[in-house]
DNA sequence: ACTTGAATTATGTCTAGACATATTAGCCAA
DNA sequence: TTGGCTAATATGTCTAGACATAATTCAAGT
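Below, the structure is given as structure tokens:
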């Protein structure tokens with residue numbers, strides 16, 4: 004009846020009820036174990052989970068205290084575009100608009116940590132949902148991560164090929180709002196200057212930088228997260 | 004020398020090296036424990052961490068397999084606006100532009116799960132960074148969560164008051180790009196129709212819905228996340 | 001062929017005890 | 001007062017063994 008999840012819930016309840024206000028030191032694991040009638044390891048499991056969630060802060064010898072400004076974290080599950088579209092109940096398709104090798108523009112090489120002028124694979128892909136433009140993907144890809152012969156990105160989207168074939172390790176995403184460039188307006192069939200949600204992503208792999216992507220989302224697109 | 008973190012790292016290495024390709028069943032905890040010369044609980048700790056990270060999928064009796072499409076999760080730490088501004092090395096300030104009680108617009112009441120026509124506190128706050136408009140915050144606040152007498156939101160921004168005084172439990176955020184409304188353009192000193200990054204957030208507390216906020220960010224604003 | 005139930009098995013969790021490690025508090029000496 | 005050593009202490013992790021739980025397999029029985 005008293006598993007670690009129940010103990011986590013009870014501790015969380017006390018914090019929310021301000022029995023233990025922000026900044027307060029809460030009882031040690033030993034004391035809580037005795038109170039709940041479980042082993043210390045069980046209390047430890049519960050408190051470790053709360054610490055990972057940012058609700059409490061733990062330090063050896065100093066004890067466990069309730070976080071002052073509990074950091075609110077939201078998690079975004081970065082979707083594979085095809086599955087995102089299918090999940091909305093729409094038919095998925097894509098068109099490869101450009102595929103060439105050219106030197107990386109300076110800001111992009113810089114963000115990936117590659118030397119200026121490095122030749123990179125440049126791909127422009129229009130993703131379609133229900134036959135209509137959904138996302139315009141502009142991608143620079145480090146050719147060093149590609150096998151020989153390279154995959155055919157007209158058959159499998161680069162997005163998906165990378166997820167299944169390259170071990171991505173870390174990266175960052177940034178969201179901004181920008182007016183559609185003339186190229187974006189033309190390709191997506193929009194008035195120039197339309198407000199677009201832009202996601203820019205850089206990705207690092209085990210063997211160095213992998214890719215920089217700019218995703219221009221069709222008007223009305225929402226990126227939703229929960230916490 | 005062989006703690007759970009090292010075991011986690013070694014298992015992750017094998018997955019990345021495709022010793023265990025996506026979809027493959029990996030050896031059971033017992034077998035791994037024997038191989039690494041540790042107790043099963045130690046292997047369990049390592050695999051539990053990898054499962055939380057989305058790298059593997061575990062089911063009782065069926066065993067542990069490498070995730071086919073490892074879900075990439077990015078974490079966003081939702082900032083208190085004041086600290087966000089200060090963190091950019093700019094002076095923070097805010098102006099309370101509106102503060103009144105009025106019935107909630109239908110879509111907003113619906114998103115919070117409150118009855119239509121429910122009277123709510125409406126607040127409009129312009130946050131300033133270095134004296135320039137940074138974010139226009141439009142907020143509907145459930146008066147049931149406020150103490151009596153209610154706090155003075157001209158002195159402490161609602162944003163900050165809520166973080167420190169209400170136990171927020173769950174919610175969601177969505178990002179969109181929208182052209183500035185006439186009101187937004189006027190208040191922020193922009194041309195109407197300027198592309199703005201909009202964040203909409205609903206928050207639920209222990210005692211019911213708390214607040215709906217719309218944040219209109221000044222042009223050029225980036226919301227960055229890492230994974 | 002189909003359904004039902006039992007045996008099997010891998011993960012999930014718990015216990016009691018142990019040692020490791022980080023950090024603090026207190027003490028003593030320069 | 002300051003610096004550094006030492007002891008105390010709370011969390012971190014590990015072990016060996018146990019039982020719980022979910023899911024699959026397989027053998028009956030209809």
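Protein chains in written order, with the numbering used here: chain A, 4 to 230; chain B, 4 to 230. Yeah, the Cβ is synthetic: ideal placement off N, Cα and C, and Gly gets one too.
- For the region 151-180 of chain A, the set of residues with a beta-carbon nearer than 9 Å to any beta-carbon of chain B comprises 163, 166, 167, 170, 171, 172, 173, 174, 175, 176, 177, 178, 179, 180, in chain order.
- Secondary-structure assignment with DSSP links residue 140/A through a beta bridge to 128/A, 218/A.
- Rounded to whole angstroms, the Cβ separation of residue 69/A and residue 106/A is 53 Å, and the two are not in contact under 8 Å.
- Ranked by Cα distance from residue 147/B, the first of 219/B, 140/B, 165/B is 165/B.
- When DSSP states are grouped into helix, strand and coil, residue 32/B belongs to the helix group.
- Annotation: residue 119/B is outside any alpha helix (DSSP H) and is labelled neither H nor E by DSSP.
- Taking a C-beta distance under 8 Å as the contact criterion, residue 228/B and residue 176/A qualify as a contact pair.
- Nearest Cα to residue 41/B within the set 115/B, 11/B, 221/B, 143/B: 11/B.
- Counting only residues of its own chain and dropping the five nearest sequence neighbours on each side, residue 116/B has a CB closer than 7 Å to the CB of 212.
- In this structure, residue 100/A and residue 190/A form a Cβ contact; the two beta carbons are roughly 7 Å apart against a cut-off of 8 Å.
- According to the DSSP assignment, residue 203/B belongs to the beta strand (DSSP E) that extends over 198-208.
- With respect to residue 76/A, residue 78/B sits close: the two C-beta atoms are nearer than 8 Å.
- When secondary structure is reduced to three states using DSSP, residue 189/B falls in the helix class.
- Straight across, the Cα-Cα distance linking residue 104/A with residue 204/A is about 20 Å.
- Distance from the CA atom of residue 20/B to the CA atom of residue 180/A, rounded to whole angstroms, is 38 Å.
- Shortest Cα-Cα distance from residue 93/B to any of 198/B, 62/B, 135/B involves 135/B.
- Distance from the Cα of residue 124/A is smallest, within the candidate group 133/A, 130/A, 91/A, 150/A, for 150/A.
- Distance check between residue 102/A and each of 129/A, 51/A, 171/A, 167/A places 129/A closest, using alpha-carbon atoms only.
- Of all alpha-carbon atoms in 188/A, 97/A, 139/A, the one lying nearest the alpha-carbon of residue 158/A is that of 97/A.
- Judged by their CB atoms, residue 45/A and residue 36/A are nearer to each other than the 8 Å cut-off.
- From the beta-carbon of residue 229/A, the residues of chain B found nearer than 9 Å are 173, 174, 175, 176.
- Contact between residue 218/A and residue 140/A is confirmed by a C-beta separation of about 6 Å, below the 8 Å threshold.
- Chain-order list of chain B residues neighbouring residue 113/A: empty, with the shortest C-beta distance near 16 Å, by a criterion of under 7 Å.
- Here residue 32/A is buried, its C-beta having at least 16 other C-beta atoms within 10 Å.
- Take the alpha-carbon of residue 53/A and the one of residue 29/A: they are about 13 Å apart.
- Shown here, residue 230/B sits in coil according to DSSP, grouped into three states, outside any helix or strand.
- Annotated as distal: residue 198/B and residue 185/B, with beta-carbon spacing of 8 Å or more.
- When the Cα atoms are used, residue 74/B and residue 167/A turn out to be separated by approximately 11 Å.
- Flagged as an interface residue toward chain B: residue 80/A, by a C-beta distance shorter than 8 Å.
- Within chain B, the residues whose beta carbon sits less than 7 Å from that of residue 200/A are 178, 179, 180, listed in sequence order.
- Counting of Cβ neighbours within 10 angstroms places residue 90/A among the exposed residues, the total staying below 16.
- Closer than 8 Å to the CB of residue 72/B there is at least one CB belonging to chain A.
- Residue 132/A has its alpha-carbon roughly 11 Å from the corresponding atom of residue 220/A.
- Put simply, the backbone Cα of residue 142/A is about 40 Å away from that of residue 6/B.
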